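Position one of the sequence shown corresponds to residue 1 (UniProt numbering), numbered consecutively onward. The block underneath contains the structure these notes are about, expressed in structure tokens.
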Amino acid sequence: MPHALLSQADIDTYQRDGVVIVRGLFADHVEALRKGIERNMAEPGPYASNNDKAGETGRFFDDYCNWERIPEFAEVIKASPAAEVAADLMGSNTVQLFHDHVLVKEPGTSMPTPWHQDGPYYFVEGQQTVSFWSPLDPVTDASLRCVAGSHRWEKPVLPTRWVKGDAFFDPAPYMAVPDPDAEGMDIREWEMQPGDAVAFNYGTLHGARGNTANARRRAFSLRLLGDDARYTQRPGPTSPPYPGHEMQQGQRLREDWFPTLYTRG
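Shown next as structure tokens:
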């Protein structure tokens, strides 16, 4: 039987569309995540950015790979049902932690989160992947937007840097970043309460509008891996880079850096 937060229909939708809403996934951990984000913003990590783009207003803070130094994040990752829910969505017997990601848009932040797929930035290949994006404030028009079925596209979308807009790698093997609104794609988005989560595959094209509300929009993301996830070499530095990882093509990600959070049975 699926976890109580899921139905079989949710699992089927995730497998078919690459995205589904999971209500209340982090509902019991909202205050802990808020405290963790405050700590993260006061003590940014080496990958933190305010996404200062010319012509844009407000502040769009993001940072990742901080669970080992932010105790609130570590506790929520351990105590929440996220790993078990991920196992059901992915159809996986094991769930491994990849990384955490914080995104905060202050009131009046005009810069959107650009359309992108997570997978092409990562050194991970596999069908059994899931990202959870959970707001810690009520959201409407600043919610995550995902293109249904994009995880099954034949070519991956070119990974680009959010501020500069330049490509991470040689564009030849990739498709250009599309404009889902102009092209009439099937975009899924939901009004969400704190602790709800959008679950999406690493191959799902997604983005988010800027924040025109009078309150900040804080979001916590958690990236998890299933049975078939393996290390793969990319043609340049990945994001996150994880320097010195020493993994080889086709290996399962090293357990001491990417611990297993859940094993079925």
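Don't be surprised by glycine CBs; every beta carbon is placed ideally from N, CA and C. Bear in mind that the values here come from a model prediction, so they are computed numbers and not experimental data.
Terminal residues of the continuous alpha helix (DSSP H) containing residue i?
i: A9; result: 8 to 17
i: D88; result: 82 to 90
i: V139; result: Per DSSP, V139 belongs to no alpha helix (DSSP H) and is neither H nor E.
i: P71; result: 71 to 79
Report yes if the CB atom of residue i is closer than 8 Å to the CB atom of residue j, and no otherwise.
i: L33; j: E72; result: yes
i: Y202; j: Y262; result: no
i: A199; j: V19; result: yes
i: P156; j: Q117; result: yes
i: P135; j: A219; result: yes
i: L144; j: A54; result: no
i: L222; j: D100; result: yes
i: G244; j: F169; result: no
Quick one: give me the first and last residue of the beta strand (DSSP E) that residue i is part of.
i: K35; result: Taken as a continuous stretch (DSSP letters only), K35 belongs to no beta strand (DSSP E), being part of the alpha helix (DSSP H) at 30 to 42.
i: V95; result: 94 to 105
i: F132; result: 129 to 135
i: F61; result: 60 to 64
i: H116; result: 113 to 116
i: Y262; result: 260 to 263
Quick one: is residue i buried, meaning 16 or more other Cβ sit within 10 Å of its Cβ, or exposed?
i: A82; result: buried
i: R161; result: exposed
i: S7; result: exposed
i: R16; result: exposed
i: A229; result: buried
Keeping to the same chain, check which residues put their C-beta closer than 7 Å to that of residue i; ignore five residues upstream and five downstream.
i: S92; result: Q128, G226, D227
i: P171; result: L158
i: S110; result: E56, T57, G58, G210
i: H151; result: G18, N201, G203, T204
i: P194; result: V30, P135, L136, D137, P138
i: Y14; result: V20, L89, A199
Can you find the residues in the same chain that come closer than 6 Å, C-beta to C-beta, to residue i, ignoring five residues on each side of it along the sequence?
i: A74; result: W67
i: T260; result: T94, Q96
i: S239; result: Y121
i: A167; result: L158, T160
Enumerate in chain order the residues of its own chain whose CB-to-CB distance from residue i is below 8 Å, with the five nearest sequence positions on each side excluded.
i: V163; result: S49, N51, D52, K53
i: R216; result: V104, K105, E106, P107, D137
i: A87; result: N93, T94, V95, G226, Y262, R264
i: Q233; result: F123, Q249
Next on the checklist: Suppose only complete runs of 3+ residues qualify. What are the beta strand (DSSP E) ranges in the segment 185 to 250, listed by chain order?
Outcome noted: Within the segment 185 to 250, the complete beta strand (DSSP E) runs of at least 3 residues are 197 to 200, 206 to 208, 217 to 225.
Checklist entry - Can you list, in chain order, the stretches of the alpha helix (DSSP H) that have 4 or more residues and sit fully within the segment 146 to 182? => result Counting whole runs of 4 or more residues, the segment 146 to 182 contains no alpha helix (DSSP H) stretch at all.
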